[in-house]
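If you're matching positions, the sequence shown starts at 10 in our numbering and goes up one per residue. Beta carbons are placed, not taken as given, at the ideal position from N, Cα and C, and that holds for glycine.
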Amino acid sequence: MIYVVTFLVAILFAYVFKNFRRPKNFPPGPEGLKFVGNVPLIKRLSREQGGLHLAFSSLAEQFETSILGLQLGSDLVVVVFSEDNLAEVHLSDVFLARPDNFFTRLRTFGVRRGITITDGEVWLEQHKFALKHLHQLGFGKVMMKSLIKEELGHFIELLRSERENICVTKYLAPLVLNVLWTIVAGSRFSLDDPQLSRLLELMSSRGKAFDMSGGVLNQFPWIRFFAPEKSGYKLISSLNSQLRDFIVAEIETHKKTRTGEIRDFIDLYLSTIDDPETNKDIFNEDQLVAVCLDFFIAGSQTTSNTLGFALLAMVRHPDVQTKVQRCLDDAVAPGTCPSFTEEKRLNYVSAVLLESMRSCHVVPVTGPRRATQTTTVGGYTIPKGTTVLMSVHSILNDKKRWGDPEVFRPERFLDSDGNIVNSERLYFYGRGKRRCIGEALARNFIFQFFTSLLYHFEFSATPGKTLPTTPIPGITLSPQPYFVDVRPRHPAQTTEHRHG
(Lines of atoms letter the chains of each structure in order from A and count residues from 1; the text may use other names and numbers.)
(Lines give C-alpha, C1' and ligand atoms only; values in the text may rest on other atoms or scores of the structure.)
Protein backbone atom coordinates (compact mmCIF):
# COMPACT_ATOMS: atom_id res chain seq x y z
CA MET A 1 0.00 0.00 0.00
CA ILE A 2 2.81 2.37 0.89
CA TYR A 3 4.28 1.93 -2.60
CA VAL A 4 0.97 2.81 -4.24
CA VAL A 5 0.63 5.96 -2.14
CA THR A 6 4.23 6.92 -2.86
CA PHE A 7 3.69 6.36 -6.58
CA LEU A 8 0.53 8.49 -6.62
CA VAL A 9 2.22 11.27 -4.67
CA ALA A 10 5.14 11.20 -7.11
CA ILE A 11 2.76 11.48 -10.07
CA LEU A 12 0.93 14.35 -8.38
CA PHE A 13 4.22 16.10 -7.66
CA ALA A 14 5.36 15.66 -11.26
CA TYR A 15 2.02 17.00 -12.52
CA VAL A 16 2.21 20.05 -10.28
CA PHE A 17 5.86 20.65 -11.18
CA LYS A 18 5.13 20.41 -14.90
CA ASN A 19 1.89 22.38 -15.03
CA PHE A 20 2.30 24.97 -12.29
CA ARG A 21 5.95 25.97 -12.66
CA ARG A 22 6.55 29.40 -14.12
CA PRO A 23 8.47 29.01 -17.40
CA LYS A 24 11.88 30.58 -17.80
CA ASN A 25 11.78 34.20 -19.06
CA PHE A 26 7.97 34.22 -18.85
CA PRO A 27 6.48 37.74 -18.61
CA PRO A 28 6.26 39.18 -15.07
CA GLY A 29 3.10 38.75 -13.07
CA PRO A 30 1.71 37.64 -9.71
CA GLU A 31 2.67 34.30 -8.20
CA GLY A 32 -0.18 31.83 -8.40
CA LEU A 33 -1.55 29.28 -5.97
CA LYS A 34 -1.04 25.59 -6.66
CA PHE A 35 -3.76 24.05 -8.83
CA VAL A 36 -5.74 27.30 -9.25
CA GLY A 37 -2.99 29.72 -10.22
CA ASN A 38 -4.13 33.35 -10.39
CA VAL A 39 -7.84 32.59 -10.80
CA PRO A 40 -8.93 33.79 -7.30
CA LEU A 41 -6.88 36.99 -7.65
CA ILE A 42 -8.26 37.81 -11.11
CA LYS A 43 -11.85 37.16 -10.00
CA ARG A 44 -11.44 39.42 -6.97
CA LEU A 45 -9.79 42.25 -8.89
CA SER A 46 -12.36 42.05 -11.68
CA ARG A 47 -15.17 42.30 -9.16
CA GLU A 48 -13.56 45.14 -7.20
CA GLN A 49 -12.46 47.24 -10.17
CA GLY A 50 -15.36 46.71 -12.54
CA GLY A 51 -14.14 44.31 -15.18
CA LEU A 52 -11.41 42.00 -16.39
CA HIS A 53 -9.78 44.76 -18.46
CA LEU A 54 -9.31 46.93 -15.38
CA ALA A 55 -7.94 44.00 -13.36
CA PHE A 56 -5.34 43.34 -16.05
CA SER A 57 -4.37 47.02 -16.28
CA SER A 58 -3.98 47.20 -12.51
CA LEU A 59 -1.64 44.21 -12.45
CA ALA A 60 0.38 45.49 -15.41
CA GLU A 61 0.86 48.78 -13.58
CA GLN A 62 1.78 46.98 -10.37
CA PHE A 63 4.46 44.90 -12.12
CA GLU A 64 5.52 47.79 -14.38
CA THR A 65 5.21 45.69 -17.51
CA SER A 66 3.64 45.92 -20.96
CA ILE A 67 3.34 42.11 -21.10
CA LEU A 68 1.64 40.40 -18.17
CA GLY A 69 2.19 36.71 -17.41
CA LEU A 70 -0.55 34.78 -15.62
CA GLN A 71 -1.50 31.22 -14.80
CA LEU A 72 -5.24 30.47 -14.83
CA GLY A 73 -5.66 26.95 -13.53
CA SER A 74 -3.05 24.98 -15.47
CA ASP A 75 -3.22 27.35 -18.47
CA LEU A 76 -0.51 29.87 -19.21
CA VAL A 77 -2.07 33.21 -20.17
CA VAL A 78 -0.29 36.31 -21.42
CA VAL A 79 -1.93 39.74 -21.66
CA VAL A 80 -0.20 42.20 -23.99
CA PHE A 81 -0.32 45.98 -23.68
CA SER A 82 1.18 48.80 -25.81
CA GLU A 83 0.73 49.46 -29.52
CA ASP A 84 3.90 47.63 -30.59
CA ASN A 85 3.04 44.46 -28.70
CA LEU A 86 -0.56 44.40 -29.93
CA ALA A 87 0.57 44.93 -33.51
CA GLU A 88 3.05 42.06 -33.22
CA VAL A 89 0.41 39.65 -31.94
CA HIS A 90 -2.28 40.76 -34.40
CA LEU A 91 -0.03 40.49 -37.44
CA SER A 92 1.98 37.36 -36.61
CA ASP A 93 0.82 33.99 -37.95
CA VAL A 94 2.21 32.43 -34.77
CA PHE A 95 -0.79 33.91 -32.93
CA LEU A 96 -3.43 33.26 -35.58
CA ALA A 97 -4.88 30.20 -33.82
CA ARG A 98 -7.57 30.03 -31.14
CA PRO A 99 -7.26 28.14 -27.84
CA ASP A 100 -8.70 24.64 -27.95
CA ASN A 101 -10.35 24.28 -24.57
CA PHE A 102 -13.57 23.34 -22.82
CA PHE A 103 -15.17 26.79 -23.07
CA THR A 104 -14.60 27.21 -26.81
CA ARG A 105 -15.76 23.67 -27.61
CA LEU A 106 -18.86 24.13 -25.46
CA ARG A 107 -20.01 26.82 -27.87
CA THR A 108 -20.36 24.27 -30.70
CA PHE A 109 -21.26 21.16 -28.71
CA GLY A 110 -17.84 19.61 -28.22
CA VAL A 111 -16.45 20.00 -31.75
CA ARG A 112 -14.63 23.08 -33.04
CA ARG A 113 -16.73 24.46 -35.88
CA GLY A 114 -17.61 27.75 -37.54
CA ILE A 115 -15.41 30.83 -37.82
CA THR A 116 -14.93 32.45 -34.42
CA ILE A 117 -13.34 29.60 -32.45
CA THR A 118 -11.59 27.66 -35.22
CA ASP A 119 -8.21 27.92 -36.91
CA GLY A 120 -6.26 26.12 -39.59
CA GLU A 121 -7.97 24.93 -42.78
CA VAL A 122 -11.49 25.00 -41.32
CA TRP A 123 -11.18 28.63 -40.28
CA LEU A 124 -9.45 29.65 -43.50
CA GLU A 125 -12.13 28.15 -45.76
CA GLN A 126 -15.12 29.26 -43.65
CA HIS A 127 -13.72 32.77 -43.26
CA LYS A 128 -12.96 33.11 -46.98
CA PHE A 129 -16.40 31.78 -47.96
CA ALA A 130 -18.27 34.08 -45.56
CA LEU A 131 -16.26 37.18 -46.46
CA LYS A 132 -16.80 36.68 -50.19
CA HIS A 133 -20.47 35.77 -50.18
CA LEU A 134 -21.72 38.11 -47.45
CA HIS A 135 -20.39 40.98 -49.53
CA GLN A 136 -22.17 39.64 -52.60
CA LEU A 137 -25.43 39.11 -50.70
CA GLY A 138 -25.68 42.44 -48.95
CA PHE A 139 -22.50 43.74 -47.35
CA GLY A 140 -22.07 45.77 -50.53
CA LYS A 141 -23.03 49.41 -50.02
CA VAL A 142 -26.27 49.66 -52.01
CA MET A 143 -28.18 46.72 -50.55
CA MET A 144 -26.84 47.29 -47.05
CA LYS A 145 -27.98 50.90 -47.19
CA SER A 146 -31.46 49.73 -48.17
CA LEU A 147 -31.64 47.20 -45.32
CA ILE A 148 -30.42 49.72 -42.75
CA LYS A 149 -32.88 52.29 -44.06
CA GLU A 150 -35.77 49.86 -43.54
CA GLU A 151 -34.82 49.16 -39.92
CA LEU A 152 -34.18 52.84 -39.30
CA GLY A 153 -37.66 53.68 -40.56
CA HIS A 154 -39.26 51.26 -38.10
CA PHE A 155 -37.26 52.71 -35.21
CA ILE A 156 -37.98 56.34 -36.10
CA GLU A 157 -41.70 55.57 -36.17
CA LEU A 158 -41.43 53.91 -32.76
CA LEU A 159 -39.60 56.90 -31.26
CA ARG A 160 -42.12 59.35 -32.69
CA SER A 161 -44.96 57.37 -31.11
CA GLU A 162 -43.42 56.81 -27.66
CA ARG A 163 -41.28 59.95 -27.10
CA GLU A 164 -40.92 59.62 -23.31
CA ASN A 165 -39.22 57.24 -20.88
CA ILE A 166 -37.74 55.10 -23.66
CA CYS A 167 -35.13 52.45 -22.87
CA VAL A 168 -33.22 52.81 -26.12
CA THR A 169 -30.82 49.93 -25.50
CA LYS A 170 -33.49 47.23 -25.61
CA TYR A 171 -34.27 48.03 -29.26
CA LEU A 172 -30.75 48.28 -30.66
CA ALA A 173 -29.76 44.60 -30.72
CA PRO A 174 -32.89 43.51 -32.67
CA LEU A 175 -32.33 46.34 -35.17
CA VAL A 176 -28.73 45.32 -35.87
CA LEU A 177 -29.65 41.66 -35.96
CA ASN A 178 -32.45 42.27 -38.45
CA VAL A 179 -30.05 43.72 -41.00
CA LEU A 180 -27.64 40.81 -40.59
CA TRP A 181 -30.35 38.14 -40.42
CA THR A 182 -32.01 39.41 -43.60
CA ILE A 183 -28.74 38.72 -45.40
CA VAL A 184 -28.12 35.39 -43.65
CA ALA A 185 -31.64 33.94 -43.53
CA GLY A 186 -33.82 36.24 -45.61
CA SER A 187 -36.07 37.20 -42.70
CA ARG A 188 -36.39 39.84 -40.00
CA PHE A 189 -37.84 39.89 -36.51
CA SER A 190 -40.54 42.09 -35.07
CA LEU A 191 -39.08 44.31 -32.36
CA ASP A 192 -41.46 42.71 -29.86
CA ASP A 193 -40.90 39.11 -31.04
CA PRO A 194 -40.98 36.99 -27.82
CA GLN A 195 -38.56 34.36 -29.16
CA LEU A 196 -36.04 37.00 -30.15
CA SER A 197 -36.43 38.74 -26.78
CA ARG A 198 -35.74 35.47 -24.98
CA LEU A 199 -32.66 34.69 -27.08
CA LEU A 200 -31.25 38.20 -26.64
CA GLU A 201 -31.85 38.05 -22.90
CA LEU A 202 -29.88 34.81 -22.76
CA MET A 203 -27.15 36.40 -24.87
CA SER A 204 -26.95 39.31 -22.47
CA SER A 205 -26.72 36.97 -19.48
CA ARG A 206 -23.95 35.02 -21.22
CA GLY A 207 -21.98 38.20 -21.84
CA LYS A 208 -22.17 39.16 -18.17
CA ALA A 209 -21.42 35.68 -16.77
CA PHE A 210 -18.14 35.08 -18.62
CA ASP A 211 -15.03 36.93 -19.66
CA MET A 212 -12.66 36.61 -22.60
CA SER A 213 -10.69 33.86 -20.84
CA GLY A 214 -13.78 31.70 -20.32
CA GLY A 215 -13.91 32.22 -16.57
CA VAL A 216 -13.77 29.55 -13.88
CA LEU A 217 -15.74 27.11 -16.05
CA ASN A 218 -12.91 27.00 -18.57
CA GLN A 219 -10.13 26.58 -16.02
CA PHE A 220 -12.00 23.93 -14.03
CA PRO A 221 -14.57 22.21 -16.30
CA TRP A 222 -15.34 19.58 -13.66
CA ILE A 223 -16.98 22.27 -11.54
CA ARG A 224 -20.07 21.98 -13.75
CA PHE A 225 -20.94 18.69 -12.06
CA PHE A 226 -21.03 20.30 -8.60
CA ALA A 227 -22.17 23.85 -9.36
CA PRO A 228 -23.92 23.90 -12.76
CA GLU A 229 -25.69 27.20 -12.09
CA LYS A 230 -23.00 29.13 -10.23
CA SER A 231 -20.32 28.13 -12.74
CA GLY A 232 -22.48 29.37 -15.62
CA TYR A 233 -22.61 25.95 -17.26
CA LYS A 234 -26.39 25.68 -17.08
CA LEU A 235 -26.80 29.18 -18.55
CA ILE A 236 -24.48 28.73 -21.51
CA SER A 237 -25.74 25.20 -22.22
CA SER A 238 -29.31 26.49 -22.29
CA LEU A 239 -28.36 29.37 -24.57
CA ASN A 240 -26.42 27.14 -26.95
CA SER A 241 -29.26 24.62 -27.14
CA GLN A 242 -31.92 27.24 -27.80
CA LEU A 243 -29.81 29.03 -30.40
CA ARG A 244 -29.00 25.75 -32.10
CA ASP A 245 -32.68 24.72 -32.19
CA PHE A 246 -33.61 28.12 -33.63
CA ILE A 247 -30.94 27.97 -36.35
CA VAL A 248 -31.60 24.32 -37.24
CA ALA A 249 -35.31 25.12 -37.67
CA GLU A 250 -34.38 28.02 -39.98
CA ILE A 251 -32.14 25.75 -42.06
CA GLU A 252 -34.85 23.06 -42.30
CA THR A 253 -37.33 25.69 -43.50
CA HIS A 254 -34.87 26.75 -46.18
CA LYS A 255 -34.36 23.15 -47.31
CA LYS A 256 -38.12 22.69 -47.73
CA THR A 257 -38.68 25.95 -49.62
CA ARG A 258 -35.64 26.06 -51.91
CA THR A 259 -36.40 26.69 -55.58
CA GLY A 260 -32.89 26.93 -56.98
CA GLU A 261 -32.80 30.71 -56.65
CA ILE A 262 -30.29 31.96 -54.07
CA ARG A 263 -32.24 34.04 -51.57
CA ASP A 264 -29.68 34.43 -48.79
CA PHE A 265 -26.52 33.06 -47.17
CA ILE A 266 -28.18 29.84 -45.93
CA ASP A 267 -29.38 29.02 -49.46
CA LEU A 268 -25.91 29.69 -50.81
CA TYR A 269 -24.25 27.49 -48.19
CA LEU A 270 -26.73 24.65 -48.80
CA SER A 271 -26.05 24.82 -52.53
CA THR A 272 -22.32 24.61 -51.79
CA ILE A 273 -22.92 21.49 -49.68
CA ASP A 274 -24.86 19.95 -52.58
CA ASP A 275 -21.94 20.46 -54.97
CA PRO A 276 -20.33 17.01 -55.45
CA GLU A 277 -16.87 18.60 -55.56
CA THR A 278 -17.30 20.25 -52.15
CA ASN A 279 -15.12 19.00 -49.29
CA LYS A 280 -17.81 17.69 -46.92
CA ASP A 281 -15.38 17.80 -43.98
CA ILE A 282 -15.26 21.59 -44.38
CA PHE A 283 -18.75 22.42 -45.67
CA ASN A 284 -21.64 20.55 -44.04
CA GLU A 285 -24.81 21.34 -42.12
CA ASP A 286 -23.09 21.22 -38.73
CA GLN A 287 -20.65 23.84 -39.97
CA LEU A 288 -23.52 25.93 -41.32
CA VAL A 289 -25.20 25.87 -37.90
CA ALA A 290 -21.95 26.98 -36.26
CA VAL A 291 -21.37 29.80 -38.77
CA CYS A 292 -24.93 31.08 -38.29
CA LEU A 293 -24.37 30.89 -34.53
CA ASP A 294 -21.25 33.03 -34.94
CA PHE A 295 -23.24 35.59 -36.95
CA PHE A 296 -26.07 35.68 -34.40
CA ILE A 297 -23.76 36.17 -31.41
CA ALA A 298 -21.66 38.83 -33.15
CA GLY A 299 -24.68 40.62 -34.61
CA SER A 300 -26.54 40.90 -31.33
CA GLN A 301 -23.84 42.45 -29.15
CA THR A 302 -20.91 44.56 -30.29
CA THR A 303 -22.55 46.87 -32.83
CA SER A 304 -25.67 47.51 -30.75
CA ASN A 305 -23.59 48.16 -27.62
CA THR A 306 -21.37 50.59 -29.53
CA LEU A 307 -24.40 52.55 -30.70
CA GLY A 308 -25.89 52.42 -27.20
CA PHE A 309 -22.76 54.00 -25.72
CA ALA A 310 -22.67 56.66 -28.47
CA LEU A 311 -26.27 57.75 -27.81
CA LEU A 312 -25.62 57.73 -24.06
CA ALA A 313 -22.64 60.03 -24.61
CA MET A 314 -24.88 62.48 -26.48
CA VAL A 315 -27.35 62.56 -23.59
CA ARG A 316 -24.52 63.10 -21.11
CA HIS A 317 -22.91 65.78 -23.31
CA PRO A 318 -25.77 67.87 -24.75
CA ASP A 319 -23.32 70.49 -26.05
CA VAL A 320 -21.70 67.86 -28.27
CA GLN A 321 -25.13 66.62 -29.35
CA THR A 322 -26.11 70.15 -30.40
CA LYS A 323 -22.91 70.59 -32.41
CA VAL A 324 -23.49 67.25 -34.19
CA GLN A 325 -27.02 68.33 -35.07
CA ARG A 326 -25.81 71.64 -36.49
CA CYS A 327 -23.34 69.76 -38.70
CA LEU A 328 -26.12 67.47 -39.91
CA ASP A 329 -28.50 70.36 -40.57
CA ASP A 330 -25.86 72.04 -42.72
CA ALA A 331 -25.00 68.90 -44.68
CA VAL A 332 -28.30 67.04 -45.06
CA ALA A 333 -31.05 68.10 -47.43
CA PRO A 334 -34.54 68.36 -45.88
CA GLY A 335 -36.48 65.11 -46.03
CA THR A 336 -33.37 62.94 -46.32
CA CYS A 337 -31.11 61.03 -43.95
CA PRO A 338 -27.31 60.91 -44.07
CA SER A 339 -25.68 57.89 -45.68
CA PHE A 340 -22.30 56.34 -45.03
CA THR A 341 -21.01 57.79 -48.30
CA GLU A 342 -21.18 61.24 -46.68
CA GLU A 343 -18.90 60.29 -43.78
CA LYS A 344 -15.98 62.28 -45.18
CA ARG A 345 -18.13 65.45 -45.32
CA LEU A 346 -19.10 65.07 -41.67
CA ASN A 347 -15.72 64.97 -39.97
CA TYR A 348 -16.93 66.31 -36.63
CA VAL A 349 -19.61 63.61 -36.47
CA SER A 350 -16.99 60.98 -37.31
CA ALA A 351 -14.76 62.39 -34.56
CA VAL A 352 -17.62 62.09 -32.06
CA LEU A 353 -18.11 58.43 -32.96
CA LEU A 354 -14.38 57.76 -32.72
CA GLU A 355 -14.27 59.40 -29.29
CA SER A 356 -17.29 57.42 -28.13
CA MET A 357 -15.67 54.14 -29.18
CA ARG A 358 -12.36 55.19 -27.65
CA SER A 359 -13.84 56.20 -24.33
CA CYS A 360 -15.90 53.02 -23.95
CA HIS A 361 -14.81 50.34 -26.39
CA VAL A 362 -17.16 47.36 -26.18
CA VAL A 363 -14.36 44.78 -26.48
CA PRO A 364 -11.66 46.09 -24.11
CA VAL A 365 -9.80 42.76 -24.15
CA THR A 366 -9.58 40.99 -27.50
CA GLY A 367 -8.59 37.48 -28.43
CA PRO A 368 -8.12 34.88 -27.26
CA ARG A 369 -5.25 33.71 -29.45
CA ARG A 370 -2.99 30.68 -29.06
CA ALA A 371 0.75 30.53 -29.67
CA THR A 372 1.31 27.70 -32.16
CA GLN A 373 5.03 27.60 -31.37
CA THR A 374 7.35 28.95 -28.72
CA THR A 375 8.22 32.53 -29.58
CA THR A 376 9.03 35.90 -28.02
CA VAL A 377 7.14 39.16 -27.64
CA GLY A 378 8.82 42.22 -26.19
CA GLY A 379 11.83 40.13 -25.17
CA TYR A 380 9.80 37.63 -23.13
CA THR A 381 9.32 33.96 -23.95
CA ILE A 382 5.81 32.87 -24.91
CA PRO A 383 5.69 29.05 -24.74
CA LYS A 384 3.80 27.03 -27.33
CA GLY A 385 0.14 26.64 -26.36
CA THR A 386 0.00 29.86 -24.32
CA THR A 387 -3.29 31.77 -24.49
CA VAL A 388 -2.72 35.39 -25.50
CA LEU A 389 -5.14 38.23 -24.73
CA MET A 390 -4.79 41.80 -25.99
CA SER A 391 -5.65 44.86 -23.90
CA VAL A 392 -7.18 47.29 -26.38
CA HIS A 393 -8.41 49.24 -23.34
CA SER A 394 -4.82 50.13 -22.44
CA ILE A 395 -4.18 51.69 -25.86
CA LEU A 396 -7.43 53.64 -25.91
CA ASN A 397 -6.76 55.02 -22.42
CA ASP A 398 -3.02 55.61 -22.65
CA LYS A 399 -2.24 58.97 -21.04
CA LYS A 400 0.98 59.30 -23.03
CA ARG A 401 -0.97 59.13 -26.28
CA TRP A 402 -4.18 60.95 -25.36
CA GLY A 403 -3.21 63.30 -22.51
CA ASP A 404 -6.64 63.31 -20.88
CA PRO A 405 -8.26 59.96 -21.81
CA GLU A 406 -10.85 60.30 -19.04
CA VAL A 407 -12.32 63.39 -20.77
CA PHE A 408 -14.87 63.07 -23.60
CA ARG A 409 -13.26 65.31 -26.21
CA PRO A 410 -14.00 64.60 -29.90
CA GLU A 411 -11.62 67.37 -30.99
CA ARG A 412 -8.67 65.06 -30.24
CA PHE A 413 -9.50 63.39 -33.58
CA LEU A 414 -9.49 66.66 -35.58
CA ASP A 415 -6.63 68.84 -36.76
CA SER A 416 -6.77 72.63 -37.09
CA ASP A 417 -8.38 72.29 -40.54
CA GLY A 418 -11.08 69.93 -39.31
CA ASN A 419 -9.56 66.81 -40.87
CA ILE A 420 -9.63 63.44 -39.10
CA VAL A 421 -6.34 62.56 -37.33
CA ASN A 422 -5.14 60.04 -34.71
CA SER A 423 -7.54 57.40 -36.02
CA GLU A 424 -4.89 54.82 -36.88
CA ARG A 425 -4.20 51.70 -34.81
CA LEU A 426 -7.31 51.93 -32.64
CA TYR A 427 -8.14 48.22 -33.03
CA PHE A 428 -11.90 48.76 -33.04
CA TYR A 429 -12.27 45.91 -35.53
CA GLY A 430 -8.97 44.17 -35.00
CA ARG A 431 -6.05 43.94 -37.42
CA GLY A 432 -4.48 41.32 -39.60
CA LYS A 433 -6.03 38.13 -40.95
CA ARG A 434 -8.61 37.87 -38.17
CA ARG A 435 -9.96 41.37 -38.70
CA CYS A 436 -13.72 41.42 -38.11
CA ILE A 437 -15.62 40.27 -41.23
CA GLY A 438 -18.63 42.31 -40.09
CA GLU A 439 -16.73 45.61 -40.07
CA ALA A 440 -18.53 46.98 -43.14
CA LEU A 441 -21.96 46.29 -41.64
CA ALA A 442 -20.95 47.64 -38.22
CA ARG A 443 -19.49 50.90 -39.54
CA ASN A 444 -22.40 51.51 -41.90
CA PHE A 445 -25.01 50.72 -39.28
CA ILE A 446 -23.45 52.82 -36.52
CA PHE A 447 -22.90 55.86 -38.75
CA GLN A 448 -26.31 55.81 -40.42
CA PHE A 449 -28.28 55.13 -37.25
CA PHE A 450 -26.35 57.64 -35.16
CA THR A 451 -26.57 60.45 -37.70
CA SER A 452 -30.20 59.79 -38.66
CA LEU A 453 -31.41 59.58 -35.07
CA LEU A 454 -29.65 62.81 -34.11
CA TYR A 455 -30.90 64.51 -37.26
CA HIS A 456 -34.51 63.62 -36.46
CA PHE A 457 -34.52 63.82 -32.65
CA GLU A 458 -33.11 65.61 -29.67
CA PHE A 459 -32.27 63.15 -26.89
CA SER A 460 -32.42 64.04 -23.20
CA ALA A 461 -32.45 62.09 -19.96
CA THR A 462 -35.90 61.20 -18.67
CA PRO A 463 -36.58 63.40 -15.60
CA GLY A 464 -36.10 61.45 -12.39
CA LYS A 465 -33.98 58.76 -14.07
CA THR A 466 -30.23 58.68 -13.40
CA LEU A 467 -27.85 58.10 -16.29
CA PRO A 468 -25.38 55.25 -15.73
CA THR A 469 -21.71 56.12 -15.33
CA THR A 470 -20.19 52.64 -15.58
CA PRO A 471 -20.73 49.84 -18.11
CA ILE A 472 -21.78 46.26 -17.45
CA PRO A 473 -18.57 44.15 -17.59
CA GLY A 474 -18.33 40.77 -19.31
CA ILE A 475 -17.07 39.28 -22.56
CA THR A 476 -18.16 42.59 -24.06
CA LEU A 477 -18.97 45.82 -22.25
CA SER A 478 -22.59 46.87 -22.52
CA PRO A 479 -24.33 50.05 -21.34
CA GLN A 480 -26.47 49.88 -18.26
CA PRO A 481 -30.13 50.38 -19.24
CA TYR A 482 -30.91 54.09 -19.48
CA PHE A 483 -34.07 56.03 -20.25
CA VAL A 484 -34.46 59.01 -22.54
CA ASP A 485 -37.08 61.41 -23.82
CA VAL A 486 -36.98 62.37 -27.49
CA ARG A 487 -38.17 65.56 -29.14
CA PRO A 488 -38.67 65.49 -32.92
CA ARG A 489 -36.53 68.12 -34.66
CA HIS A 490 -38.28 67.89 -38.03
CA PRO A 491 -41.86 67.19 -39.13
CA ALA A 492 -42.72 63.55 -39.75
CA GLN A 493 -42.15 62.69 -43.38
CA THR A 494 -40.86 59.92 -45.59
CA THR A 495 -37.11 59.89 -45.20
CA GLU A 496 -34.81 59.09 -48.06
CA HIS A 497 -31.14 58.26 -47.79
CA ARG A 498 -28.89 60.32 -49.98
CA HIS A 499 -26.91 58.40 -52.55
CA GLY A 500 -23.23 59.09 -52.94
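- DSSP places Leu77 within a strand segment (E or B) once states are collapsed to three.
- By the neighbour-count criterion, in which 16 or more other beta carbons inside 10 Å mark a residue as buried, Leu181 falls on the buried side.
- Looking at Asp303, His136, Pro392, the one whose alpha-carbon comes closest to that of Leu85 is Pro392.
- Apart from sequence neighbours up to five positions away, the residues of its chain that approach Thr287 with a beta-carbon distance below 6 Å are Thr281, ordered along the chain.
- For Val89, there is no enclosing alpha helix (DSSP H); the enclosing beta strand (DSSP E) has its first and last residue at 84-89.
- Counting of Cβ neighbours within 10 angstroms places Asn453 among the buried residues, the total reaching 16 or more.
- CA-CA distance, Thr178 to Phe459, rounds to 13 Å.
- Here Ser213 is not bridged, per DSSP, to any residue.
- Residue burial annotation: His62 is buried, with at least 16 other C-beta atoms found within 10 angstroms of its C-beta.
- For Gly308, the enclosing alpha helix (DSSP H) has its first and last residue at 294-308.
- Contact check for Phe274 against Val193 passes: the beta carbons are separated by less than 7 Å.
- A contact is defined here as three or more CB-CB pairs under 8 Å, and the region 396-404 fails this definition with respect to the region 317-337.
- Arg443 and His136 have their C-alpha atoms roughly 9 Å apart.
- Residue environment: Pro373 is assigned as buried (16 or more neighbouring CB atoms within 10 Å of its CB, all protein chains considered).
- Under DSSP, Leu42 forms a beta bridge with Gly46.
- Look at the region 356-400 and you find these whole runs of beta strand (DSSP E), each 3 residues long or longer: 374-379, 384-386, 389-391, 396-400.
- Separation of Ile175 and Val324 (C-alpha to C-alpha, rounded to the nearest whole angstrom) is 13 Å.
- The C-alpha of Lys239 is placed about 19 Å away from the C-alpha of Ser250.
- Within the DSSP bridge table, the entry for Leu423 names Ile429 as partners.
- For Val371, the closest of Thr117, Gly60, Ser55, Met153 by C-alpha to C-alpha distance is Gly60.
- Taking the CA atoms as reference points, Ser199 sits about 45 Å from Gln80.
- Here Ser425 is exposed. Its C-beta has fewer than 16 other C-beta atoms within 10 Å.
- Counting every other CB atom within 10 Å of its CB across the protein chains shown gives Trp231 a total below 16, marking it as exposed.
- Counting the other Cβ atoms within 10 Å of the Cβ of Ser313 gives 16 or more, which makes it buried.
- Close CB contacts of Thr485 within its chain, under the 8 Å cut and outside five residues either way in sequence, are with Gly216, Gln310, Thr311, Asn314, Val371, Val372 (chain order).
- For Ile260, the CB contacts under 8 Å within the same chain, skipping 5 residues up- and downstream, are Ile275, Leu279, Glu294, Leu297, Val298, Cys301 in chain order.
- If you look at Ala322, you'll find it in the alpha helix (DSSP H) that goes 311-325.
- In chain order, Glu160, Arg197, Phe198 place their CB closer than 7 Å to the CB of Asn187, counting only its own chain and leaving out the 5 sequence neighbours on each side.
- Of the candidates Lys353, Phe417, Gly82, the residue whose Cα lies closest to the Cα of Phe318 is Phe417.
- Only residues of its own chain outside the window of five on either side were considered, and among them Glu92 have a CB closer than 6 Å to the CB of Arg434, listed in chain order.
- A residue is called buried when at least 16 other Cβ atoms come within 10 angstroms of its Cβ; His465 meets this threshold and is buried.
- Minimum Cα-Cα distance from Pro377 among the listed residues Asn227, Ser67, Glu70 corresponds to Asn227.
- The C-alpha of Ile76 lies about 29 Å from the C-alpha of Gly447.
- In the three-state DSSP reduction, Pro183 falls in the helix class (H, G or I).
- Under the 10 Å beta carbon count, Asp303 is surrounded by 16 or more other beta carbons and is classified as buried.
- Partner residues in the beta bridge of Asp494, as assigned by DSSP, are Ser469.
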